[in-house]
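Just so you know, full-length UniProt numbering puts 1 at position 1 of the sequence shown, and the rest follows in order with no gaps.
The C-beta atom is built at its ideal place from N, Cα and C for all residues, glycine as well.
Have a look at the structure below, then the notes.
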Amino acid sequence: MQSEDMAICIEDNGPGISEEKLKHLFTIPKNNGTRIGIRNVNERLRLSFGEEYGLRISEPNGGGVKIEFVIPKERVL
Numbered sequence: 001m002q003s004e005d006m007a008i009c010i011e012d013n014g015p016g017i018s019e020e021k022l023k024h025l026f027t028i029p030k031n032n033g034t035r036i037g038i039r040n041v042n043e044r045l046r047l048s049f050g051e052e053y054g055l056r057i058s059e060p061n062g063g064g065v066k067i068e069f070v071i072p073k074e075r076v077l
């Protein structure tokens, strides 16, 4: 993320997400009619703002899940 970008973060302290599921969140086949929300949002952000933008999903050290929506600041204001 660069200084001209903005990140909206959502984080929880739940049990987290397995490394295996985390790897596959963005790779669900397009012809699959279920579990498309995360891929859909990521693709829309990238189409709207460019390939360097979109969702970043991680598991913080203390557990839980952190989702960041990274978008360019100048297009938001």
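### Query
Do residue 12 and residue 64 have their C-beta atoms closer together than 7 angstroms?
yes
### Message
So, under 8 angstroms CB-CB, residue 71 and residue 45 are touching, yes? Tell me the CB distance rounded to an integer number of Å.
### Response
The pair is a contact, with the Cβ atoms about 6 angstroms apart (cut-off 8 angstroms).
### Task
Alpha carbon to alpha carbon, how far is residue 39 from residue 78? Give it in angstroms, no decimals.
For residue 78 there is no data in the structure shown, the boundaries of the chain being 1 and 77.
### Message
Taking the alpha helix (DSSP H) that residue 17 belongs to, which residues open and close that run?
### Response
For residue 17, there is no enclosing alpha helix (DSSP H), since its DSSP letter is neither H nor E.
#### Entry: Residues near residue 15 in its chain [Cβ-Cβ closer than 6 angstroms; skip 5 each side]
Around residue 15: no qualifying Cβ.
### Message
Restricting to Cα atoms, I'd like to know which of 61, 51 and 57 is closest to residue 69.
### Response
Nearest Cα to residue 69 within the set 61, 51 and 57: 57.
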